[in-house]
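K.L.:
Mind looking over this structure? Questions follow.
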Amino acid sequence: MPASTIDTVISLCKRRGFVYQCGEIYGGTKSAWDYGPLGVELKENIKRQWWRTMVQSRDDVVGLDSSVILPTRVWEASGHLAAFVDPLVECLSCHRRYRQDHLQEAYAEKKAKPGQDDIDPDTVSMDLIACANCGTKGQWTEPRMFNGLLKTYLGPVESEEGLHYLRPETAQGIFVNFGQVMTSSRKKPPFGIGQIGKSFRNEITPGNFIFRTREFEQMEMEFFVKPGDDEQWHEYWLEERMGWYTGLGVTPENLRFYEHAAEKLSHYSKRTVDIEYRFGFQGSEWGELEGVANRTDFDLTTHSQHSGSELSFHDQATGERWTPFVIEPAAGVNRSMMAFLVDAYAEDEAPNTKGGVDVRTVLRLDHRLAPVKAAVLPLSRNEALSPAARDLAKELRGYWNVDFDDTQAIGRRYRRQDEIGTPFCITVDFETLEDQAVTIRERDTMQQERVALSQVREWLAARLPGC
RNA sequence: GCCGAUGUAGCUCAGUGGUAGAGCGCUUGCUUCCCAAGCAAGAUAUGCGGGUUCGAUUCCCGUCAUCGGCUCCA
Numbered sequence: 035m036p037a038s039t040i041d042t043v044i045s046l047c048k049r050r051g052f053v054y055q056c057g058e059i060y061g062g063t064k065s066a067w068d069y070g071p072l073g074v075e076l077k078e079n080i081k082r083q084w085w086r087t088m089v090q091s092r093d094d095v096v097g098l099d100s101s102v103i104l105p106t107r108v109w110e111a112s113g114h115l116a117a118f119v120d121p122l123v124e125c126l127s128c129h130r131r132y133r134q135d136h137l138q139e140a141y142a143e144k145k146a147k148p149g150q151d152d153i154d155p156d157t158v159s160m161d162l163i164a165c166a167n168c169g170t171k172g173q174w175t176e177p178r179m180f181n182g183l184l185k186t187y188l189g190p191v192e193s194e195e196g197l198h199y200l201r202p203e204t205a206q207g208i209f210v211n212f213g214q215v216m217t218s219s220r221k222k223p224p225f226g227i228g229q230i231g232k233s234f235r236n237e238i239t240p241g242n243f244i245f246r247t248r249e250f251e252q253m254e255m256e257f258f259v260k261p262g263d264d265e266q267w268h269e270y271w272l273e274e275r276m277g278w279y280t281g282l283g284v285t286p287e288n289l290r291f292y293e294h295a296a297e298k299l300s301h302y303s304k305r306t307v308d309i310e311y312r313f314g315f316q317g318s319e320w321g322e323l324e325g326v327a328n329r330t331d332f333d334l335t336t337h338s339q340h341s342g343s344e345l346s347f348h349d350q351a352t353g354e355r356w357t358p359f360v361i362e363p364a365a366g367v368n369r370s371m372m373a374f375l376v377d378a379y380a381e382d383e384a385p386n387t388k389g390g391v392d393v394r395t396v397l398r399l400d401h402r403l404a405p406v407k408a409a410v411l412p413l414s415r416n417e418a419l420s421p422a423a424r425d426l427a428k429e430l431r432g433y434w435n436v437d438f439d440d441t442q443a444i445g446r447r448y449r450r451q452d453e454i455g456t457p458f459c460i461t462v463d464f465e466t467l468e469d470q471a472v473t474i475r476e477r478d479t480m481q482q483e484r485v486a487l488s489q490v491r492e493w494l495a496a497r498l499p500g501c
């Protein structure tokens, strides 16, 4: 059933205006998605909650918004220009593609004999290696370099001098600004710099809806600590970040930590632990929401060396100077939005007017994430009710994103709002004209309460904390 | 990028070498109407390009996209 839940949620996203395929009227662009009226609200709410939790509510974290395009020398220093390039070869017989270095390593490992020196994988001739798929030996294309960075050219002519790269992570913008931020904000380690923004990776295989795309949005925080304190801060942030998801209503059983194997760590990492969500994809059930990495002093050290700027901290209390270690919680906006949607999706049974039972689709989103906080619904489209309801909606819009809907039957409008996760529906009925009160119906319990018109704003404010 | 499957309305799906169908959804009107109600009316589709043909949504080729598998996922 989980796989079909994803399909159902994708269908809901298109139908109700959360996510559209990019450029659909021209046939679409591979794995690029646009966020519709409800999707942009949900995505903004997720980012706002992250920013509040990770930056605004903390005395030891400040924010930053750095450029997408950075000088090429940043990527040379960070190691991305070397590490993001892989040699690919293709079997001439069956056209299957492999990473050349993986083939050579596998061959060297297989042929290694006890008591002899290990074979250097780099020296293994491709003539010796057979294709694992079709068995053809030694028939390979010349290796071609696959670059995971997206390129662009700045300036009036397309030349090598104008070659720049779009950032594959927002983190480097934080590292190169480390010294200035520390000075101007007068922070001392342990402290962090948080940033939300778009990143770009030329993924070979994007897919799974908005889970893996070439253009994506990240919420990253680099937390600078004294060397030696890094491991305990790593544990601290793992717990903090897991708590962020469960605090926003994600079912704990659908979340887990995943420890990266030491040999698979990225070029900068000492230890990385992912927070994964049980999406129920075909093939792999769990998908990464966020990586919490110990980047050591790799980035600040390499930028110090390449730029000549001193990126270290002088502790006047002890007279020591050291380069901070970095703990990095890096979360994906788009994939977390998908997780929040999948986790909130429910089909309830609800009685209908005919005495039968209908299926009620409801997104049980946390109130802070819900795209629409309240809907104002006149019981009937009517010369008296509709204007009164419009006035109320107008007042409430000063505080929250509020819908107004006076079409068709009231039951249908409740169901529409349930489907997009609206916590409260406010009904203006014929009695309203007499008693100056409205009925407010709650999404999850379907319970109703009569509230005076003059008290509606306060009533909602008490039930929408942090929204 | 390779192999396989698929592409018809907003969604889910029929169907045909000769004027394109349904259900749900959507819009409008009526019904003093609290959980997908009723009645009436209405809008919307063959991914794109080429070929064969008197005529192509249907057959063929290409392309784009989606799904599954492989390679990749720092």
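Numbering-wise (the numbering used here), the first sequence opens with residue 35 and increments by one. Ideal Cβ placement from N, Cα and C applies to all residues, glycine included. Remember, predicted model here, so these are calculated numbers, not experimental data.
Out of 196, 293, 92 and 122, point me to the one whose CA is closest to residue 257's CA.
P.N.:
Residue mapping note: residue 257 aligns to position 223 of the first sequence, counting from 1. Cα-wise, what sits closest to residue 257 is 92.
K.L.:
Express the C-alpha separation of residue 164 and residue 383 in angstroms, rounding to a whole number.
P.N.:
Stepping through the first sequence from its first residue, residue 383 is reached at position 349. Stepping through the first sequence from its first residue, residue 164 is reached at position 130. C-alpha separation (whole angstroms): 58 angstroms.
K.L.:
If you draw a straight line from the alpha carbon of residue 114 to that of residue 102, how long is it in whole angstroms?
P.N.:
Counted from its first residue, the first sequence places residue 114 at position 80. Counted from its first residue, the first sequence places residue 102 at position 68. Cα-Cα distance, rounded: 15 angstroms.
K.L.:
Provide the residue(s) that pair with residue 480 in DSSP beta bridges, ordered along the chain.
P.N.:
By one-based count along the first sequence, residue 480 stands at place 446. Paired residues: none, contrary to the question.
K.L.:
Output yes or no for whether 8 angstroms exceeds the beta carbon distance between residue 506 and residue 358.
P.N.:
Limits of the chain in this structure are 35 at one end and 501 at the other, which puts residue 506 out of reach.
K.L.:
Within this structure, are the beta carbons of residue 236 and residue 183 separated by less than 8 angstroms?
P.N.:
As a first step, residue 236 is located in the first sequence; it is residue number 202 there, counting from the start. As a first step, residue 183 is located in the first sequence; it is residue number 149 there, counting from the start. Yes, these two residues count as a Cβ contact at 8 angstroms.
K.L.:
On the three-pair Cβ rule with 8 angstroms, is the stretch 214-223 touching the stretch 77-86?
P.N.:
No, because fewer than three Cβ pairs between the stretch 214-223 and the stretch 77-86 fall closer than 8 angstroms, the two stretches do not touch.
K.L.:
Out of curiosity, what's the CA-to-CA distance linking residue 576 and residue 255?
P.N.:
The displayed coordinates of the chain run from 35 to 501. Any statement about residue 576 would go beyond what the structure contains.
K.L.:
Go to residue 341, then tell me how far its beta strand (DSSP E) extends in each direction, as first and last residue.
P.N.:
Within the first sequence, residue 341 is the residue found at index 307, counting from 1. That residue, residue 341, is in no beta strand (DSSP E); its alpha helix (DSSP H) goes 332-341.
K.L.:
Of the choices 196, 409 and 275, whose alpha-carbon is the least far from that of residue 308?
P.N.:
The sequence position of residue 308 within the first sequence is 274, counting from 1. With distances taken between Cα atoms, residue 308 lies closest to 275.
K.L.:
With H, G and I counted as helix, E and B as strand and the rest as coil, what does DSSP make of residue 434?
P.N.:
Translated into positions along the first sequence, residue 434 becomes position 400. Looking at residue 434 - three-state DSSP - the assignment turns out to be coil, as it is neither helix nor strand.
K.L.:
Determine the direct distance from the alpha carbon of residue 370 to that of residue 323, and round the result to whole angstroms.
P.N.:
If you number the first sequence from 1, residue 323 lands on position 289. If you number the first sequence from 1, residue 370 lands on position 336. Distance between the alpha carbons of residue 323 and residue 370: 6 angstroms.
K.L.:
Looking only at C-alpha atoms, which of 244, 330 and 226 sits nearest to residue 366?
P.N.:
On the first sequence, residue 366 is found 332 positions in, with the first residue counted as 1. Among 244, 330 and 226, the Cα nearest to that of residue 366 belongs to 244.
K.L.:
Suppose the cutoff is 6 angstroms on Cβ atoms and the five residues either side in sequence are ignored; what does the same chain contact list for residue 158 look like?
P.N.:
On the first sequence, position 124 is the one that residue 158 refers to. Excluding positions up to five away in sequence, the list reads 138, 141 and 142.
K.L.:
Could you check whether residue 53 and residue 69 sit closer than 8 angstroms to each other, using their CB atoms as the reference points?
P.N.:
Taking the first residue of the first sequence as position 1, residue 69 is located at position 35. Taking the first residue of the first sequence as position 1, residue 53 is located at position 19. Result yes, Cβ atoms of residue 69 and residue 53 sit closer than 8 angstroms.
K.L.:
What did DSSP end up calling residue 311 once you bin it into helix, strand or coil?
P.N.:
What you label residue 311 is simply residue 277 of the first sequence in a count that begins at 1. Three-state result, residue 311: strand.
K.L.:
Taking the alpha helix (DSSP H) that residue 160 falls in, what are its first and last residues?
P.N.:
To locate residue 160, count along the first sequence from 1; it is residue 126. No alpha helix (DSSP H) contains residue 160, which DSSP labels as neither H nor E.
K.L.:
Hey, is the stretch 446-453 in contact with the stretch 463-471, meaning 3+ C-beta pairs nearer than 8 angstroms?
P.N.:
No, because fewer than three Cβ pairs between the stretch 446-453 and the stretch 463-471 fall closer than 8 angstroms, the two stretches do not touch.
K.L.:
Buried or exposed for residue 456, please, with buried defined as at least 16 other CB atoms from any protein chain shown within 10 angstroms of its CB.
P.N.:
Walking along the first sequence from the start, residue 456 turns up at place 422. It is buried - the Cβ of residue 456 has at least 16 other Cβ atoms within 10 Å.
K.L.:
In the DSSP output, which residue or residues are listed as bridge partners for residue 108?
P.N.:
The sequence position of residue 108 within the first sequence is 74, counting from 1. Paired residue(s): none; residue 108 is not in a bridge.
K.L.:
Have a look at 104, 381 and 400 and flag the residue whose alpha-carbon is nearest the alpha-carbon of residue 393.
P.N.:
Numbered from its first residue, the first sequence carries residue 393 at position 359. Among 104, 381 and 400, the Cα nearest to that of residue 393 belongs to 381.
K.L.:
Going along the chain, which residues of its own chain have a beta-carbon closer than 6 angstroms to the beta-carbon of residue 493, five neighbours each way excluded?
P.N.:
Position 459 of the first sequence, counting from 1, holds the residue named residue 493. Cβ within range, chain order: 485.
K.L.:
State the Cα-Cα distance for the pair residue 39 and residue 318, rounded to the nearest angstrom.
P.N.:
Position 5 of the first sequence, counted from the first residue, corresponds to residue 39. Position 284 of the first sequence, counted from the first residue, corresponds to residue 318. So the two alpha carbons sit approximately 15 angstroms from each other.
K.L.:
When you compare only the Cα positions, how much space is there between residue 337 and residue 205?
P.N.:
Mapped onto the first sequence, residue 337 falls at position 303. Mapped onto the first sequence, residue 205 falls at position 171. Answer to the nearest angstrom: the Cα atoms are 13 angstroms apart.
K.L.:
Is DSSP giving residue 233 helix, strand or coil here?
P.N.:
Here residue 233 is taken as the residue at index 199 of the first sequence, counted from 1. Three-state DSSP puts residue 233 in a strand.
K.L.:
Specify the secondary structure class of residue 37 as computed by DSSP and reduced to three states.
P.N.:
On the first sequence, position 3 is the one that residue 37 refers to. Residue confidence is low: residue 37 scores 40 on pLDDT, short of 50, so the model does not pin down where it sits. No coordinate-derived value is stated.
K.L.:
Along the chain, where does the alpha helix (DSSP H) containing residue 77 start, and where does it finish?
P.N.:
Here the question's residue 77 lines up with position 43 in the first sequence. Start and end: 71-85.
K.L.:
For the beta strand (DSSP E) containing residue 408, list its first residue and its last residue.
P.N.:
Working through the first sequence from its first residue, we reach residue 408 at position 374. Note, residue 408: beta strand (DSSP E), 408-412.
K.L.:
Run the CB neighbour count on residue 482, radius 10 Å, all protein chains shown included, and call it buried at 16 or more, exposed below.
P.N.:
To locate residue 482, count along the first sequence from 1; it is residue 448. Exposed.
K.L.:
Count the other CB atoms within 10 Å of the CB of residue 334; is the residue buried (16 or more) or exposed (fewer)?
P.N.:
Counting from one through the first sequence, the residue named residue 334 turns up at place 300. Residue 334 is buried by the Cβ-count criterion.
K.L.:
Do the CB positions of residue 398 and residue 282 come within less than 8 angstroms of each other?
P.N.:
Your numbering for residue 398 matches position 364 in the first sequence. Your numbering for residue 282 matches position 248 in the first sequence. Contact flag unset, no.
K.L.:
Could you give the DSSP three-state label for residue 264: helix, strand or coil?
P.N.:
For the purposes of this step, residue 264 is taken as the residue at position 230 of the first sequence. Reduced to three states, the DSSP call for residue 264 is helix.
K.L.:
Mind checking who residue 47 pairs with in its DSSP beta bridge?
P.N.:
As a working note, residue 47 is residue 13 in the first sequence. Looking at the DSSP assignment, residue 47 forms no beta bridge with any residue, so it has no partner.
K.L.:
Determine the direct distance from the alpha carbon of residue 496 to that of residue 458, and round the result to whole angstroms.
P.N.:
By 1-based counting over the first sequence, the position of residue 458 is 424. By 1-based counting over the first sequence, the position of residue 496 is 462. One C-alpha to the other measures close to 13 angstroms.
K.L.:
Determine, using beta carbons only, whether residue 409 and residue 437 come nearer to each other than 8 angstroms.
P.N.:
On the first sequence, residue 409 is found 375 positions in, with the first residue counted as 1. On the first sequence, residue 437 is found 403 positions in, with the first residue counted as 1. Cβ distance < 8 angstroms, so residue 409 and residue 437 count as in contact.
K.L.:
Between residue 225 and residue 249, is the Cβ-Cβ spacing less than 8 angstroms?
P.N.:
In the first sequence, residue 225 corresponds to position 191, counting from 1. In the first sequence, residue 249 corresponds to position 215, counting from 1. Contact: no.
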